[in-house]
Amino acid sequence: MQGQPEQVDVAVLGAGIVGVSAAFAARQRGFSTVLIDRRELGSETSYGNAGVLSSGSILPLNKPSLWRALPGYLGNTSAALRFNPSWVIRNADWVARFLANAAPSKVQPRAKALHGLIGASLKLHREWIVKADAGTRIRETGWLKVWRSEAVETARQEQAFLASFGIRSDLLDRQAISALEPNIVPVYKTGLLHTQTASVDSPGAVVKAYARMFAESGGEVRRSEISAIEPLADGWRIVLGDGAISARHVVVALGPWSADLLRPLGYRTPLAFERGYHQEFAPNPARALQRPIHDAEGGFLMTPMENGIRVTSGVELTDRDAPSSFAQLDMVVPMARGVVEFGAPVGEPWRGARPTLPDSLPMIGPAPRHAGLWLAFGNQHIGFTTGPATGEAIAAMIKGEKPSFEVSAFAPERYI
Ligand SMILES: Cc1cc2nc3c(=O)[nH]c(=O)nc-3n(C[C@H](O)[C@H](O)[C@H](O)COP(=O)(O)OP(=O)(O)OC[C@H]3O[C@@H](n4cnc5c(N)ncnc54)[C@H](O)[C@@H]3O)c2cc1C
633 MQGQPEQVDV AVLGAGIVGV SAAFAARQRG FSTVLIDRRE LGSETSYGNA
683 GVLSSGSILP LNKPSLWRAL PGYLGNTSAA LRFNPSWVIR NADWVARFLA
733 NAAPSKVQPR AKALHGLIGA SLKLHREWIV KADAGTRIRE TGWLKVWRSE
783 AVETARQEQA FLASFGIRSD LLDRQAISAL EPNIVPVYKT GLLHTQTASV
833 DSPGAVVKAY ARMFAESGGE VRRSEISAIE PLADGWRIVL GDGAISARHV
883 VVALGPWSAD LLRPLGYRTP LAFERGYHQE FAPNPARALQ RPIHDAEGGF
933 LMTPMENGIR VTSGVELTDR DAPSSFAQLD MVVPMARGVV EFGAPVGEPW
983 RGARPTLPDS LPMIGPAPRH AGLWLAFGNQ HIGFTTGPAT GEAIAAMIKG
1033 EKPSFEVSAF APERYI
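In the numbering used here, the protein residues as written are 633 to 1048.
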């Protein structure tokens, strides 16, 4: 590259839902902004998720019931959670910290923090999706969690917990489930409809629509590998596969890849990967689903998407780039077929990695030892939901504004 590198106010690294949101929010505040990704926008984790915009996911996987469920996971045959024993041994410290966060005393503070983040984010999603001309992609039909067993007490407890945060849900019996979803086989005895939850029919398309909005507002999109970020006297140099950019502020929104570029700067981020899979199937129009359905005991989700019914699997704890293992997907697809009629697979099975820190809260804020370096990652199972507010909070902080929700629980210095 000839001459001086391009110079901007804000460089956002990673164009998943978090990065696109941060970039758009930065442009809205008048910053010259470049959004950089090596791949097509929104084509990694933010593409393959279940598309649930979840109002009620305020209790992460590491909650007190994880301890009770643990013996059932140890045989490594569950559809909901599997692990690579060698990964667990090598990451014993992360596992211990993750499990310690499942203690009852850790429930309220984390739920409160996530509730604030989720509330702010759902508000933005509902506003942005219309603004981005993608309003037809959002469904306000809720999210249905269902149990095959008589689990009324479990559902009631969950309902009461959500209600203590003002989150509404309806408790359903078999008949009420059939009334809501007439096209599923009545295998579920109990259901909880999260009425304030929405969903989209193509998460990847929604990210692209937000990115279009960013570009139309004067933002620049650059497709390139990012190989390093280097501090300068008054900002940052971002080393790209095809040149370099200098920026006063740099936002790391690289999802499951976020720790990689931070390591050379001395930050050892305890980011792990809750991998998950999906397979889409041709829908039978006469057997349509109205909303995402979460089979709690089966350990899978079925979401009606633009291209068919997307069946998503549970959690696989292993190295981010380890070869795929389709065992969980193979286990749940026949179960899903037993619930709703669908046709042949559409496309190949997809694999992604939910980026997760030991307390299951994302990092949202400034890096502790470098001015102008902002961290926005670790959004675990709810990153598609929480991306907009994560990005917006970062842009607000760069501008010196107070974010619209309480961010102290997400401060990066709790780990680095
Ligand atoms: C099976 C599954 C189901 C899920 N279901 C839901 C759901 O229903 N609802 C919900 O809210 N969340 C869900 N999630 C979680 C959600 O998908 C993630 O939390 C979220 O997408 C993370 O977004 P992100 O922007 O942080 O990361 P990503 O979308 O992965 O974006 C990171 C970007 O960084 C880029 N990148 C990385 N390294 C480099 C580099 N060196 N140079 C250039 N570019 C780079 C990548 O190409 C990528 O585009 C699910 C996840 C999985 C796996």
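Note that CB positions come from ideal geometry on N, CA and C, so glycine has one too.
> Span of the alpha helix (DSSP H) holding S953?
Replying inline: Looking at the sequence itself, residue 953 is Asp, so the reference to Ser does not match. Unbroken run through D953: none, as it is neither H nor E.
> Can we count N1011 as close to ligand 2, meaning its CB is less than 8 Å from some heavy atom?
Replying inline: Ligand 2 is absent from the structure shown, which contains only ligand 1.
> In whole angstroms, what is the alpha-carbon distance linking W726 and A879?
Replying inline: 33 Å
>> According to DSSP, is P981 part of a helix, a strand, or is it coil?
In response: strand
> What separation, rounded to the nearest whole angstrom, lies between the Cα atoms of I941 and R771?
Replying inline: 15 Å
> For K1034, which of A1021, A766 and E1045 has the nearest alpha-carbon?
Replying inline: A1021
>> With a threshold of 6 Å on Cβ separation, who are the neighbours of K983 within its own chain once the five nearest residues in sequence on each side are excluded?
In response: With the sequence shown as reference, residue 983 is identified as Arg, and Lys is not the correct amino acid for it. Only Y909 and S956 meet the Cβ criterion.
>> Going by DSSP in three states, L645 sits in which element: helix, strand or coil?
In response: strand
>> On a Cα-Cα basis, can you pick out the residue from V971, S945 and A968 that is closest to A959?
In response: S945
>> I'd like to know if the stretch 863 to 871 and the stretch 699 to 713 are in contact, where contact means that at least 3 CB-CB pairs between them fall below 8 Å.
In response: no
>> What I want to know is whether the C-beta of F1016 ends up closer than 8 Å to one or more non-hydrogen atoms of ligand 1.
In response: yes
> Given a threshold of 16 other Cβ atoms within 10 Å of its Cβ, counted over all protein chains shown, does N733 qualify as buried or as exposed?
Replying inline: buried
> When DSSP labels each residue in this structure, what does G715 get in the three-state scheme?
Replying inline: The sequence shown places Phe at residue 715, not Gly. If DSSP states are grouped into helix, strand and coil, F715 belongs with the strands.
>> Less than 7 Å between C-beta atoms, sequence neighbours within five positions excluded: which residues of the same chain meet that for L794?
In response: G688 and S801
>> In the DSSP assignment, the alpha helix (DSSP H) including L794 goes from what residue to what residue?
In response: V784 to A795
> Within this structure, are the beta carbons of T822 and V762 separated by less than 9 Å?
Replying inline: no
> Considering only residues of the same chain and omitting the five flanking positions on each side of A843, which have a CB-CB separation below 6 Å?
Replying inline: V652 and L673
> With a Cβ-Cβ cutoff of 9 Å, do A904 and T1017 count as a contact?
Replying inline: no
> T1057 to A954, Cα distance in whole Å?
Replying inline: There is no way to answer for residue 1057, as the model of the chain reaches only from 633 to 1048.
>> Which residues does DSSP list as the beta-bridge partners of W775?
In response: H826
>> To the nearest angstrom, how far is the alpha carbon of R788 from that of D805?
In response: 12 Å
> In the DSSP assignment, what are the bridge partners of V684?
Replying inline: S831
>> So if DSSP puts I996 in a beta bridge, which residue, or which two residues, is it bridged to?
In response: A1008
> Any heavy atom of ligand 1 closer than 8 Å to the CB of N681?
Replying inline: yes
>> I'd like the list of long-range same chain contacts for F730, defined as Cβ closer than 7 Å, with 5 residues on each side in sequence excluded.
In response: N694 and P990
> Grouping DSSP H, G and I as helix and E and B as strand, with all else coil, what is T988?
Replying inline: strand
> With a CB to CB cut of under 8 Å and the five nearest residues on each side skipped, what residues in its chain are close to S686?
Replying inline: I750, W775, H826, T829, I1014 and T1017
> Under the three-state reduction of DSSP, which class applies to T1018: helix, strand or coil?
Replying inline: helix
> Which two residues bound the contiguous alpha helix (DSSP H) that contains G751?
Replying inline: V739 to K763
>> Considering only DSSP beta bridges, list what I1108 is partnered with.
In response: Only positions 633 to 1048 of the chain appear in this structure, which leaves residue 1108 out of reach.
>> Are there any heavy atoms of ligand 1 lying less than 8 Å away from the beta-carbon of D641, as far as the coordinates show?
In response: no
> Beta carbon of I1026, beta carbon of I996: below 9 Å?
Replying inline: yes
>> Tell me whether G1019, by its Cβ, gets closer than 8 Å to a heavy atom of ligand 1.
In response: yes
> Where E980 and Q911 are concerned, what is the direct C-alpha to C-alpha distance, given to the nearest angstrom?
Replying inline: 7 Å
> Quick one, which of V684, E759, D951 and L698 has its alpha-carbon nearest E1024's?
Replying inline: E759
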